[in-house]
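Read top to bottom, the protein sequences are chains A and B.
19 is the number of the first residue of the first sequence in the working numbering; add one for each residue after it.
10 is the number of the first residue of the second sequence in the working numbering; add one for each residue after it.
From the three backbone atoms N, C-alpha and C, an ideal C-beta is built for every residue, glycine too.
Please read these numbers as outputs of a predicted model, since none were measured by experiment.
Shown next, in structure tokens, is the structure this report addresses.
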Amino acid sequence: MGIYYEKWKQLMRKPVTWLLFLMPIAASVGFGMLFTKQQTELTIPIVIVDEDQSSTSDAVIQGLKSQTGLTVKEMPASAAKKQLLQGEVDSVFIIKKHFQTELRKGKRDGLIELWTSPSSVAAGIVREIAASEIIKQTSAAKAANKVVSLYKQKYEDQGERSEIWQQAYDYTMDQWQPEPLMTIQYKIGSDKRQDTNKEKATLLFSPYLGLWSFFTMLSCFIFSDWAVKERWTIFPRIRASSIGLPAYLSQCAAAHLIIQLIQAGFAFVVFRYLNVINGGIVVFSVMAVFVLFSTVIGLLLAVFHTHAGPFYLTALSTALLFALFGGSFFPAGELFSFIQKLSEMFPQTALAAAENKDRLTDPLVWESVFAMAAVVLISWPLIVWKAGREYD
Amino acid sequence: MLLWLSPIFFLFILGLIGSEALKKERFVDPFQLAIVNEDPAFETKLVIRQLTEGEHLTSVIRTIEADEKGAKRLLEENKIAAVIFIPNGFSKDVARGVNTPVTVIGNEKRPLQAELTRQVMESAADFTSAAQSGINTVSYFMKGMDFSQKERKKEFKKDVVSFSFHILGRGSIFEEKKQAAPYQVHLWQYYAVSFLALMMMIWSFTALFLLNNKINKALSLRLLSAGFSPYHAACSKVIFVLLTVLVSSIVLASMLIVSGIVSLHIEAGHFAVGLTVTVFLFTSFFVMADALLANEKIYLFAGVTFLLLGAATGGHIVPAVYFPDWLERLSSFTINSWVLEYMLLLFYPGQDQPFFHLSLLLLCAACSFILITAAVLHRRVHERRKTSGHLL
Chain A
19 MGIYYEKWKQ LMRKPVTWLL FLMPIAASVG FGMLFTKQQT ELTIPIVIVD EDQSSTSDAV
79 IQGLKSQTGL TVKEMPASAA KKQLLQGEVD SVFIIKKHFQ TELRKGKRDG LIELWTSPSS
139 VAAGIVREIA ASEIIKQTSA AKAANKVVSL YKQKYEDQGE RSEIWQQAYD YTMDQWQPEP
199 LMTIQYKIGS DKRQDTNKEK ATLLFSPYLG LWSFFTMLSC FIFSDWAVKE RWTIFPRIRA
259 SSIGLPAYLS QCAAAHLIIQ LIQAGFAFVV FRYLNVINGG IVVFSVMAVF VLFSTVIGLL
319 LAVFHTHAGP FYLTALSTAL LFALFGGSFF PAGELFSFIQ KLSEMFPQTA LAAAENKDRL
379 TDPLVWESVF AMAAVVLISW PLIVWKAGRE YD
Chain B
10 MLLWLSPIFF LFILGLIGSE ALKKERFVDP FQLAIVNEDP AFETKLVIRQ LTEGEHLTSV
70 IRTIEADEKG AKRLLEENKI AAVIFIPNGF SKDVARGVNT PVTVIGNEKR PLQAELTRQV
130 MESAADFTSA AQSGINTVSY FMKGMDFSQK ERKKEFKKDV VSFSFHILGR GSIFEEKKQA
190 APYQVHLWQY YAVSFLALMM MIWSFTALFL LNNKINKALS LRLLSAGFSP YHAACSKVIF
250 VLLTVLVSSI VLASMLIVSG IVSLHIEAGH FAVGLTVTVF LFTSFFVMAD ALLANEKIYL
310 FAGVTFLLLG AATGGHIVPA VYFPDWLERL SSFTINSWVL EYMLLLFYPG QDQPFFHLSL
370 LLLCAACSFI LITAAVLHRR VHERRKTSGH LL
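Spelled out as structure tokens, the structure:
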């Protein structure tokens, strides 16, 4: 154990160790907040050109302005076109003249001109949102027209009857208060965790654990560089000593592992404190297994390198590869079914599943934990064997 | 050499993923939803038709009808993205103007698809509310006008059909017009240019890193004692990185142009100047970071952080116009956003954006990075001279 304590002391003296400690936590919290804010506050910039200037067109514009995901600007058509072509807005909606009168007559085809450019991304989404505001109006108008025509049919009256029209229109619009007739109650997964938090509900994907896994893996990898640097200077001497290389390797690795485990514990506490992850002790256990996995893989990469520079780059590439396919940055498997199976084999799956399910018995969790443990057990003899070779 | 090409390997994987996504013209693979309908009535069919008949939905969503048990089982087995549960008595409540929420249970293993389902269902709920409020109005006023029960029932059936067609045909409200400028940037072109810029950044970062590791301490001390000052070292680093990255970038850019993904609208001379300026900016930035940080591990971590930050806030992933205000302001301070704007200008010149003006601006930025580097090196040389009289 002497080596372990020495290594530990040696590590704690270096300021870089504190970087290793703080980096994954700070980076995952910082980037996590950025990504979360980006996700929830992303807005689609659109322009509305109101050529009708009527109460109905105003109601539609107000309805669109109240939508959280849109930034609505009003301007004349020529300015709107310029902004669209410069890519400053996603799409332009032009409410044509006589919008209100046509709508009240029950006509609606082509009442709104929608301008898109080849770089429009979200025109389809905005179109649906705009349609729902307009359909609200057209349905009310349609119902009012129907009521008036039924009235005329019943009483054989040929007058204008605009007061009945208005009554029916108001009656329809009143049905939207206090809430629409049909709403959605959204739940995630099993019934126990009902979604009450509005902010969490709009979040596609919680980035914190994923980011943590990337930065921790990178940190574990980079700090395995001692195995590269000591390869030709210290390893041969250790081999000749009474302790033996396997014991030296395991104690040095343990010193690094302990620091990373403390880091993981710290990160877990911070995440819980900020209330950005779900789950309890199971999540932490999976995080711990992930740290062990990363440390061993880092060592494995290290013993196969003779120079530090290429080792760092291999480490970075490997960590990126894990992050991309494991879904650290975005749910990769879900976007493309052809990499879903592949994605499930990466250890990050266990973290995500543990956060969702919070129990070890879930197959996604234990299978992945088991796989990580298996990789560790297979890698270790390989590391000892490779580190013990005198020549490459 | 292998490591130099490893970013291209990533490029290839990402390109594969990207092209797959573009080919399908959507970002999510089609997924299945289960509908549990406990209330088979006109109204509920209306809701279901919303999901099964909208043209832009059927390409993404397949619906299957199931009973409660079957749907829960499918959810457990991760076969479907969500279950839509229409409760018994739904249609009666809605007809009486009472809000009865439809429950949507999302699959926690597919957060993205579940969220999409939620959004689709919310808009379906809005449209259904619109139709239903119209239907309710007609039947309410018919009651007031003393129509017989039989007549009301007949009209009600007609209304359900006509209002559901009304909301299904909502697409006809819009008359879509595509607007395009002479050199309009398509979305995939935007991403191709953005990717080229990001690759230049990654290459500058890795090239400098590899170079630093080639010059070990012993060599640099020997060079220093031979009168080779740190300024010379920094200059030669800049030149080496500039040349290597420039050659790689030109190869990559010509590949993009030859394959027809992006097209070149300006003279080759301007193009060469533009690429050189961009690479120079990145190189000087990383040389500055290298001089400031003076430790390879810290440089590596900081570089990765900068790359991620640049990619996230500079508009490489989501164009900056979709950012909320605070982020858009933040984004305008990142070199990534300047470079991206500049590169887009290189490939797709706008009418009123000055190319040379921006080139000069970027050159100034690069020069200030170089000046900072020089200042840092100057101080370090000074300190070293004070502490250890020999060597320098």
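Tell me which same chain residues have a C-beta within less than 7 Å of the C-beta of residue i, skipping the five on either side of it?
i, result
"LEU301 of chain B", "VAL385"
"PHE241 of chain A", "LEU38, HIS274"
"PHE332 of chain B", "SER340"
"VAL250 of chain B", "SER213, ALA216, LEU217, LEU220, THR292"
"TYR22 of chain A", "GLN269, ALA272, ALA273"
"ARG255 of chain A", "none"
"PHE364 of chain B", "HIS279, LEU354, PRO358"
"ASP48 of chain B", "ILE95, PRO96, ASN97, GLY98, PHE99, SER100"
Within a Cβ cutoff of 8 Å, which residues of the same chain sit near residue i, ignoring the five residues on either side of it in sequence?
i, result
"LYS81 of chain B", "VAL92"
"SER75 of chain A", "ASP68, ILE113, PHE117, GLN118"
"GLU373 of chain A", "SER224, LEU227, ILE295, ASN296, GLY297, VAL301"
"THR214 of chain A", "In this prediction, THR214 of chain A has a pLDDT of 41, which is less than 50 and means its spatial position is unreliable; what the coordinates show is noted afterwards. If we look at THR214 of chain A and ignore the five residues flanking it on each side, it has no Cβ neighbours."
"THR109 of chain B", "PRO96, GLY98, PHE99, ASP102, VAL103"
"LEU353 of chain B", "VAL194, TYR199, VAL202"
"ARG257 of chain A", "LEU263, GLY406"
Just the chain E side, please: which residues come within less than 7 Å of residue i by C-beta, in chain order?
i, result
"LYS27 of chain A", "Absent from the structure: chain E. Protein chains present are A and B."
Please confirm if residue i has its CB atom under 8 Å from at least one CB of chain B.
i, result
"THR74 of chain A", "no"
"VAL246 of chain A", "no"
"VAL34 of chain A", "yes"
"LEU40 of chain A", "no"
"GLN85 of chain A", "no"
"ALA326 of chain A", "yes"
"LYS99 of chain A", "yes"
"LYS91 of chain A", "no"
"TYR330 of chain A", "yes"
"ALA45 of chain A", "yes"
"GLU385 of chain A", "no"
"ALA258 of chain A", "no"
"ALA11 of chain A", "There is simply no residue 11 of chain A to check, as chain A begins at 19 and stops at 410 in what is shown."
"GLU24 of chain A", "no"
DSSP beta-bridge partners for residue i?
i, result
"ALA43 of chain B", "B:ILE73, B:VAL92"
"VAL65 of chain A", "A:LYS91, A:VAL110"
"TRP133 of chain A", "A:VAL110, B:LYS186"
"TYR204 of chain A", "B:VAL113"
Apart from the five residues on each side of it in sequence, which residues of its chain come closer than 6 Å, Cβ to Cβ, to residue i?
i, result
"VAL111 of chain B", "ILE95"
"ALA368 of chain A", "VAL304, VAL383, SER386, VAL387"
"ASN345 of chain B", "GLY319, GLY323"
Compare the C-beta of residue i with all C-beta atoms of chain A and state if any pair is closer than 8 Å.
i, result
"LEU228 of chain B", "no"
"GLY106 of chain B", "yes"
"PHE183 of chain B", "yes"
"PRO110 of chain B", "yes"
"TYR199 of chain B", "yes"
"GLU117 of chain B", "yes"
"VAL103 of chain B", "yes"
"LYS223 of chain B", "yes"
**Study point:** Against chain B: residues of the segment 157 to 181 of chain A by CB proximity under 7 Å
**Key:** SER157, ALA158, LYS160, ALA161, LYS164, VAL165, LEU168, TYR169, LYS172
Relative to chain A, which residues along the segment 327 to 345 of chain B have a C-beta separation below 8 Å, given in chain order?
-> VAL327, PRO328, VAL330, TYR331, PHE332, PRO333, LEU336
Residues, ordered as in the chain, of the segment 111 to 144 of chain A that lie near chain B by beta-carbon distance below 7 Å: ARG126, ASP127, GLY128, LEU129, ILE130, GLU131, LEU132, TRP133, THR134, SER135, PRO136, SER137, VAL139, GLY142
Discussion item. If contact is defined by three or more beta carbon pairs under 8 Å, each pair taking one atom from either stretch, is the segment 148 to 157 of chain A in contact with the segment 120 to 139 of chain B?
Written reply: yes
Practice task
Output, in sequence order along the chain, the residues in the segment 190 to 210 of chain A whose CB is closer than 9 Å to any CB in chain B.
Solution key: THR190, MET191, ASP192, GLN193, TRP194, PRO196, GLU197, PRO198, LEU199, MET200, THR201, ILE202, GLN203, TYR204, LYS205, ILE206, GLY207, SER208, ASP209
- Item | chain A contacts made by the segment 300 to 311 of chain B, where a contact means CB separation under 9 Å | ASN304, GLU305, LYS306, ILE307, LEU309, PHE310
- Task: Say whether the segment 157 to 176 of chain B touches the segment 129 to 147 of chain A, bearing in mind that this needs 3 or more beta-carbon pairs closer than 8 Å, one atom from each stretch.
- Result: no
Q: State whether the segment 332 to 350 of chain B contacts the segment 247 to 262 of chain B, with contact taken as three or more CB pairs (one from each stretch) at a distance under 8 Å.
A: no
Give me the subset of the segment 132 to 153 of chain B whose CB atoms are less than 7 Å from a CB atom of chain A, sorted by chain position. SER132, ALA134, ASP135, PHE136, THR137, SER138, ALA139, ALA140, GLN141, SER142, GLY143, ASN145, THR146, VAL147, TYR149, PHE150, MET151
Should the segment 26 to 44 of chain A be regarded as contacting the segment 231 to 249 of chain A, the criterion being three or more beta carbon pairs within less than 8 Å? yes
Check your understanding: When the Cβ atoms of the segment 160 to 177 of chain A are set against those of the segment 89 to 109 of chain A, are three or more pairs found closer than 8 Å?
Key -> no
(message) Quick check: the segment 235 to 244 of chain B against the segment 375 to 389 of chain B, are at least 3 beta-carbon pairs closer than 8 Å?
(response) yes
>> Assess contact between the segment 280 to 288 of chain B and the segment 305 to 320 of chain B, defined as three or more Cβ pairs (one per stretch) separated by less than 8 Å. Is contact present?
In response: no
With three or more beta-carbon pairs closer than 8 Å as the criterion, would you say the segment 43 to 63 of chain A touches the segment 278 to 297 of chain A?
yes
*Interfacial residues, the segment 51 to 66 of chain A to chain B, with Cβ spacing under 8 Å*: LEU52, PHE53, LYS55, GLN56, GLU59, LEU60, THR61, ILE62, PRO63
Decide if the segment 243 to 253 of chain A is in contact with the segment 312 to 323 of chain A; the criterion is three or more beta carbon pairs, one per stretch, under 8 Å apart. yes
Requested in this report: Name, going along the chain, the residues of the segment 118 to 130 of chain B whose beta-carbon falls closer than 8 Å to a beta-carbon of chain A.
Outcome: LYS118, ARG119, PRO120, LEU121, GLN122, ALA123, GLU124, ARG127, MET130
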